[in-house]
Amino acid sequence: MKKIAVVGAGFIGRSWSILFARAGYSVSLHDRDTEVLGRAPAFIDTSIAELISLGLLDDATAVRERISTGTDLAEALAGAVHVQEAVSERLEIKQAVFAELDQLADADTVLASSSSTIPTSELSETLAGRGRCLLAHPLNPPHLVPVVEVVPTPWTAPEVVERTRGLLTAIGQMPVVMKKEVPGFIVNRLQIAVLNEAFRLIDDDCIDADELDKAMTHGLGLRWSVVGPFDTIDLNAARGVSHYVEIFGEMFHQAMKDRGEPRRWSESSIKAVEETMRTRLPVEEIPDRQAWRDRKLAELAVLRARSEQAEAEDGE
Ligand SMILES: NC(=O)c1ccc[n+]([C@@H]2O[C@H](COP(=O)([O-])OP(=O)(O)OC[C@H]3O[C@@H](n4cnc5c(N)ncnc54)[C@H](O)[C@@H]3O)[C@@H](O)[C@H]2O)c1
């Protein structure tokens, strides 16, 4: 059985472990904090039970037995074909961890960072094995959201990108491979563009946060979960993208032409959104709402799996 090392046993590391173990890998889950490691099995069991209840996993025992935990980094890395780093989001911590990983891991082991914001070039530039380092950034929680942004540094070997793409596909994730590093990678850049406009609409007193969220969850977001933005416009005009641009391009340009530099999110619009959100959801209920969100994501994963299976059977 091939082995994966997951370094950091917080939210993201635990979730990665389930994904790799579900795909048949043996997983060494490492953290320097014994308390975190002690709590990890219970978190993993809860997530596995949810996956089982939704029919997204058959054999809980096999998955649990493939995951071991430990504080000895060298032991965790021994024989691993891939290291998925998921330690705290602090530059100096990640730099120190990557230096250790590069020293301790086998020479052809891929070293992948889960960082949401730190480009892997900043963690690997001075390392002897920098060619095997890259970013594999999941969305939270990885075991329910398939997309993983794969971002090479200027010195990542192309073969490392392809191996990572292959591994992520094999464990049931959806790798999205970028050509180069850019701040915010892909998903956060798109999210920032939407948030910039959303805060601006609040600032200009065009809408309140409740109504705006509905426009996304019952409209744009619903559609985007089936077709991406380019696919959307290709299907919204009889002759595809160019035809769509012919019809709507000028109007869209006029609507946004005064944008220039993005406006800083104003204190007043942040306060207005905060007030709406706290009326909707008291702070102490955020953990319950997170669990509700994850449950909904899992239900959508079930629907998607059924739909894809039916489509595949139709095609046979
Ligand atoms: N939480 C999210 O929504 C999310 C989403 C995608 C990616 N990420 C990224 O995943 C990474 C982990 O995030 P998280 O939310 O799981 O954080 P977390 O705080 O839950 O877990 C981080 C873990 O790293 C451990 N750690 C710190 N220094 C260490 C070291 N030197 N050696 C071993 N373990 C060490 C900590 O003990 C902690 O358990 C971050 O880079 C973050 O940007 C987070």
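In the working numbering, the protein residues as written are 51 to 366. Positions of the beta carbon are idealized from the N, C-alpha and C atoms, including for glycine.
Is the beta carbon of Trp315 sitting closer than 9 Å to the one on Asn246? yes
Start and end of the alpha helix (DSSP H) containing Val137? Boundaries for Val137: no alpha helix (DSSP H) harbours it, and the DSSP string shows neither H nor E there.
Supposed contact pair Asp152 and Ala178 - C-beta distance, whole angstroms, cut 8 Å: 6 Å
Buried versus exposed, by CB contacts within 10 Å (16 or more), Pro192: buried
State buried or exposed for Gln359, treating a residue as buried only when at least 16 other CB atoms are found within 10 Å of its CB. exposed
Taking 8 Å as the line, does the beta carbon of Gly310 fall inside it for any heavy atom of ligand 1? no
Lys53, enclosing beta strand (DSSP E) - first and last residue: Counting along the chain, Lys53 sits inside the beta strand (DSSP E) bounded by residues Lys53 to Val57.
Check whether the Cβ atoms of Asp83 and Ala59 lie closer than 9 Å to each other. Using a Cβ distance threshold of 9 Å, Asp83 and Ala59 count as a contacting pair.
Can you tell me which of the three DSSP states Val131 falls into? Residue state, collapsed to three classes: strand.
Identify which residue in Phe61, Ala362, Met51 and Thr326 has its Cα closest to the Cα of Glu261. Thr326
Enumerate, from N- to C-terminal direction, the unbroken beta strand (DSSP E) stretches of 3 or more residues contained entirely within the stretch 160–248. 160–163, 183–188, 197–202 and 224–227
With the cut-off set at 9 Å, would you say Arg202 and Leu185 are in Cβ contact? At residue 202 the sequence reads Pro, which differs from the Arg that was named. Cβ distance < 9 Å, so Pro202 and Leu185 count as in contact.
What is the DSSP secondary structure of Ile257, counted as helix, strand or coil? Three-state DSSP puts Ile257 in coil, outside helix and strand.
Alpha helix (DSSP H) containing Gly365: first to last residue? Ile336 to Gly365
Do you know how far the Cα of Gly234 is from the Cα of Pro279? 18 Å
Verify whether the separation of the beta carbon atoms of Met228 and Glu199 is less than 9 Å. In this structure, Met228 sits near Glu199, with a CB-CB distance shorter than 9 Å.
Output the distance between the C-alpha atoms of Ala71 and Arg114, rounded to the nearest integer angstrom. 8 Å
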